[in-house]
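Numbering (our numbering), first residue to last: 366 to 621.
Printed below as a string of C-alpha cells:
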C-alpha cells in the first residue's frame with residue numbers, strides 16, 4: 366500500500382522540481398517523455414547515465430528508494446581552506462597585490478579558527494586576466510610549509526607576504542589572487558618543533574581578536590598589512606549590490 370502511495374506522489378511531481386534536474390534538463394527529459402518524477406524513476410538507467418551523467422543516475426536511484434548519500438550530522442574537518450577573489454579592476458603595484466593577499470589571509474585564518482583547526486602550510490597564487498586579448502599572461506603559484514601547525518594570523522601573514530614578494534613581477538596587470546591554508550589538523554593535535562620557540566600569547570591574542578570582530582563587526586581589529594585608509598583599487602565592484610535591509614540601519618526602507 367505504501368509503494369502505491371509513493372508511486373502516486375511521484376506521478377504528480379513535475380520532473381523540473383526534482384532536486385538536481387532544473388529547467389535545462391527538464392526540457393530535454395520532457396522531449397523524451399519524462400515529465401514527472403515517476404517517469405524519471407522508471408526510465409532506463411543505462412540510457413539515463415549515458416545521456417545525463419552520474420548525478421542524474423543517482424537521483425533516479427534515490428527516487429527508487431536506494432540511498433546514495435549518507436546524511437552527515439556534523440561537517441567533517443576540511444583538508445584545506447581557500448579564500449580568493451577576482452579584483453574589481455586590474456592592479457599593477459606590489460602594494461595593492463600584497464594588500465589583497467593579506468586581506469585574504471586574514472579571512473582564511475578566521476575560518477580556520479572558527480573550525481578549531483590549524484594549518485601546516487600556506488599557498489598563494491596570482492593571476493592576470495586570461496580573457497583579455499593581447500595582455501601579457503603570468504600565473505604564478507607557490508606553497509611553503511610552516512615550521513609547526515598554526516592558526517596564528519601573524520605567522521600566516523608573514524609567509525603569505527613573503528610568497529607574494531617572491532612571485533611578483535613588474536609589467537603585469539593582476540586580476541585575481543588567492544590564499545590557501547593546507548594540511549589542516551585539529552587544534553588538539555599539535556606536534557611542536559623541538560628547536561622552534563612557541564609564543565605563549567598567540568592563542569589568547571587570536572581569541573581576543575576574534576571576539577572583538579564578532580562583537581563589533583569584521584575588521585574592527587586587525588593587522589596593518591590588511592587595512593587601508595583609502596579604498597583599495599582591487600576590491601570588487603558593488604555598484605549594483607542589493608541593499609542590506611535587515612542588517613544596516615542606513616539601508617532600512619523608509620515609508621512616506
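Backbone N, C-alpha and C define an ideal beta-carbon position, used for all residues, glycine too.
_Test item: CB-CB of residue 357 and residue 448 under 8 Å_ = Nothing about residue 357 can be reported from this structure: the residues present for the chain run from 366 to 621 only.
_Own chain partners of residue 413 with C-beta closer than 7 Å, once the 5 adjacent residues on each side are dropped_ = Numbered from 1 along the chain shown, position 48 holds the residue referred to as residue 413. Here the set comprises 421, 422, 425.
_Quick check on the DSSP output: the beta strand (DSSP E) that includes residue 543 runs from which residue to which?_
Counting from 1 along the chain shown, the entry for residue 543 is found at position 178. 539-547 is the extent of the beta strand (DSSP E) around residue 543.
*Would you mind working out which of 419, 446, 418, 406 sits nearest residue 543, comparing C-alpha positions?*
Translated into the one-based positions of the chain shown, residue 543 becomes position 178. For the residues 419, 446, 418, 406, the minimum Cα distance to residue 543 belongs to 446.
*Output the distance between the C-alpha atoms of residue 504 and residue 580, rounded to the nearest integer angstrom.*
Position 139 of the chain shown, counted from the start, is the residue given in the question as residue 504. Position 215 of the chain shown, counted from the start, is the residue given in the question as residue 580. Computed Cα separation, rounded: 38 Å.
*Can you name, in chain order, every residue of its own chain whose Cβ lies under 6 Å from the Cβ of residue 611, other than the five neighbours on each side?*
As a first step, residue 611 is located in the chain shown; it is residue number 246 there, counting from the start. For residue 611, where only same-chain residues beyond five positions count, there are no Cβ hits under 6 Å.
*Return the chain-ordered list of same chain residues with a C-beta closer than 7 Å to the C-beta of residue 403, the five sequence neighbours on each side being excluded.*
Translated into the one-based positions of the chain shown, residue 403 becomes position 38. Cβ within range, chain order: 372, 375, 376.
*asked:* Between the alpha carbons of residue 453 and residue 537, how many angstroms are there, rounded?
replied: For this step, residue 453 is matched to residue 88 along the chain shown. For this step, residue 537 is matched to residue 172 along the chain shown. Straight-line Cα distance between these residues: approximately 16 Å.
*Taking residue 492 as the reference, give the member of 401, 518, 532 with the closest Cα.*
Here the question's residue 492 lines up with position 127 in the chain shown. Among 401, 518, 532, the Cα nearest to that of residue 492 belongs to 532.
*So, helix, strand or coil for residue 431, using DSSP?*
Reading the chain shown from its first residue, position 66 is the one you call residue 431. Reduced to three states, the DSSP call for residue 431 is coil.
*By how many angstroms is the C-alpha of residue 577 removed from the C-alpha of residue 512?*
Locating residue 512 in the chain shown gives position 147, where the first residue counts as 1. Locating residue 577 in the chain shown gives position 212, where the first residue counts as 1. One Cα belongs to residue 512, the other to residue 577, and the distance between them is close to 28 Å.
*What residue does the beta strand (DSSP E) around residue 455 start on, and which one ends it?*
Along the chain shown, read from residue 1 onward, the residue named residue 455 stands at position 90. Counted as a single uninterrupted DSSP element, the beta strand (DSSP E) harbouring residue 455 occupies residues 446-456.
*Alpha carbon of residue 473 to alpha carbon of residue 499, nearest angstrom*: Sequence index remark: in the chain shown, residue 473 carries index 108 (1-based). Sequence index remark: in the chain shown, residue 499 carries index 134 (1-based). Rounded to whole angstroms, the gap between the alpha carbons of residue 473 and residue 499 is 33 Å.
_For a minimum of 3 consecutive residues, which ranges assigned as the beta strand (DSSP E) are wholly contained in the region 496-524?_
Listed in chain order, the complete beta strand (DSSP E) runs (minimum 3 residues) inside the region 496-524 are 506-515.
*Ordered along the chain, which non-local residues of its own chain (more than five positions away) have a Cβ less than 6 Å from that of residue 617?*
Against the chain shown, residue 617 aligns to sequence position 252. Within the same chain, residue 617 has no close Cβ partners at all.
_C-beta atoms of residue 607 and residue 529 nearer than 8 Å_ = As a first step, residue 607 must be located in the chain shown, where it is residue number 242. As a first step, residue 529 must be located in the chain shown, where it is residue number 164. Against a cut-off of 8 Å, the Cβ pair of residue 529 and residue 607 comes out as no contact.
*Buried or exposed: residue 540, going by 16 or more other Cβ atoms within 10 Å of its Cβ?*
If you number the chain shown from 1, residue 540 lands on position 175. Label assigned to residue 540: buried.
_Own chain residues within Cβ distance below 8 Å of residue 369, not counting five before or after_ = Looking up residue 369 in the chain shown gives position 4. For residue 369, the predicted structure reports a pLDDT of 47, less than 50, and the residue's modelled location is therefore unreliable. A value from the coordinates is still provided. No residues qualify anywhere along the chain.
_C-beta contact flag for residue 566 and residue 516 at 8 Å_ = The residue you call residue 566 lines up with position 201 of the chain shown. The residue you call residue 516 lines up with position 151 of the chain shown. Their beta carbons are not under 8 Å apart, which means residue 566 does not touch residue 516 by this criterion.
*With 16 as the cutoff for other CB atoms within 10 Å, does residue 461 come out buried or exposed?*
Taking the chain shown and counting its residues from 1, one reaches residue 461 at position 96. Result: buried.
*Cut-off 7 Å between Cβ atoms - residues of its own chain near residue 585, not counting five sequence neighbours on either side*: Residue mapping note: residue 585 aligns to position 220 of the chain shown, counting from 1. Once the five neighbours on either side are set aside, the close Cβ partners of residue 585 are 577, 578.
*Given a cut-off of 8 Å, decide if residue 526 and residue 465 are closer than it, judged by their beta-carbon atoms.*
Your numbering for residue 465 matches position 100 in the chain shown. Your numbering for residue 526 matches position 161 in the chain shown. Not a contact, by the Cβ cut-off of 8 Å.
*Name, in chain order, the residues that DSSP records as bridge partners for residue 624.*
Any answer about residue 624 is impossible in this case: the structure gives the chain only from 366 up to 621.
*Could you have a look at residue 493 and say whether DSSP puts it in helix, strand or coil?*
Counting from 1 along the chain shown, the entry for residue 493 is found at position 128. Three-state DSSP puts residue 493 in a strand.
*Considering only residues of the same chain and omitting the five flanking positions on each side of residue 443, which have a CB-CB separation below 8 Å?*
On the chain shown, position 78 is the one that residue 443 refers to. Closer than 8 Å at the Cβ level, and outside the excluded window around residue 443, lie 480, 482, 549.
*asked:* Quick check on residue 585: does DSSP put it in helix, strand or coil?
replied: Within the chain shown, the letter at position 220 stands for residue 585. Residue state for residue 585 is assigned as coil, using DSSP reduced to three classes.
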